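Single-structure report; data block below.
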Amino acid sequence: MPWPPHIRRKSGRLTDTENIENKFYPLYDDILNECFPRDRFSICPQYATPLAQTGGIGAINFTITYVIEAFDLDSVVFFVEIKPPTHLPVQYARKEADNQMRQRFLEISHLVRVPKLYGISAIGRRICYYAYNKATSVIEPPGTHDSSAYVVDTAPIERWDSDIMEEEGRDRFLEVVRETQDMIDALW
């Protein structure tokens, strides 16, 4: 079953040559609102991490594009970082997106109550799934070490292997949403 018409229309107006990330915010806002019902979840755009809450220079760099909180847990249960599609072919841009995701897990890990926190790095419509295991503190996919002597692709393009607007990508996203909701239900 495809996304509802209003989501497909929003996606259809976006191009893969777009270089402004916030053009994709309405698309992901609608997808998140479709998947996380407002009677159980709060979708927080520009969520301030603890570092951002202290203010100061660069505080805006410590905000997460979208955070989903469960009302019953008062806890972060899912998050999304968005970059424009023009970043996908650029190795350095993917590296920065990967570093940002890992930094976000570090910044909010103390707030996590679900056994596994999912985060997605969205570069345009392409998705890379990340997961933080609360019990082991392991982040998947594993990080790749950089080198000062060689150019190392620390965030291979193949990681963004899912198009959220295609059926397979939508189904995979919905499976992660279901798993997240099941973890929340199991805590009550």
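Residue numbers (full-length UniProt numbering): 1 to 188. C-beta atoms are modelled at their ideal positions from N, C-alpha and C, and glycine is treated no differently. In this text the structure is predicted, and so the values were computed from the model without any measurement.
Query	Result
Would you kindly work out how many angstroms separate the C-alpha atoms of Leu14 and Pro5, rounded to a whole number?	15 Å
According to DSSP, which residues form a beta bridge with Pro5?	Answer by DSSP bridge pairing: none, since Pro5 is not bridged.
Compare the C-alpha of Val176 against each of Glu166, Asp163 and Tyr118 and name the closest.	Tyr118
Near Lys83, which residues of its chain fall below 6 Å by C-beta distance, leaving aside the five closest residues on each side in sequence?	Glu21, Ala97 and Ile123
Please state if the CB of Val76 and the CB of Val112 are separated by a distance shorter than 9 Å.	yes
Compare the beta carbon distance of Thr154 and His145 with 9 Å and say whether it is the shorter of the two.	yes
Within 10 Å of its beta-carbon, does Ser162 have 16 or more other beta-carbons around it, so buried, or fewer, so exposed?	buried
In terms of residues, what are the limits of the beta strand (DSSP E) holding Ala122?	Lys116 to Ile123
Leaving out five residues on either side along the sequence, give the residues of the same chain with a beta carbon under 8 Å from the beta carbon of Glu18.	Phe24, Pro84, Pro85, Thr86 and Gly124
Is it the case that the Cβ atoms of Phe78 and Thr180 are separated by a distance below 9 Å?	yes
Using the Cα positions of Phe36 and Asp72, report the straight-line distance between them to the nearest angstrom.	13 Å
So, under 8 Å CB-CB, Tyr132 and Ile139 are touching, yes? Tell me the CB distance rounded to an integer number of Å.	5 Å
Assuming the contact rule is C-beta atoms closer than 8 Å, Ile127 and Ile164 should be a hit. Round their C-beta distance to whole Å, please.	5 Å
Taking just the CA atoms, how far does Leu32 sit from Asp39?	13 Å
Relative to the alpha-carbon of Tyr66, which residue among Arg170, Leu27 and Cys44 has its alpha-carbon at the smallest distance?	Cys44
Starting from Phe36, follow the alpha helix (DSSP H) in both directions and report where the run begins and ends.	Here Phe36 belongs to no alpha helix (DSSP H), and DSSP marks it neither H nor E.
In its own chain, which residues sit with a C-beta less than 6 Å from the C-beta of Ser11, not counting the 5 before and 5 after it?	Leu27 and Met165
If you draw a straight line from the alpha carbon of Pro2 to that of Asp29, how long is it in whole angstroms?	17 Å
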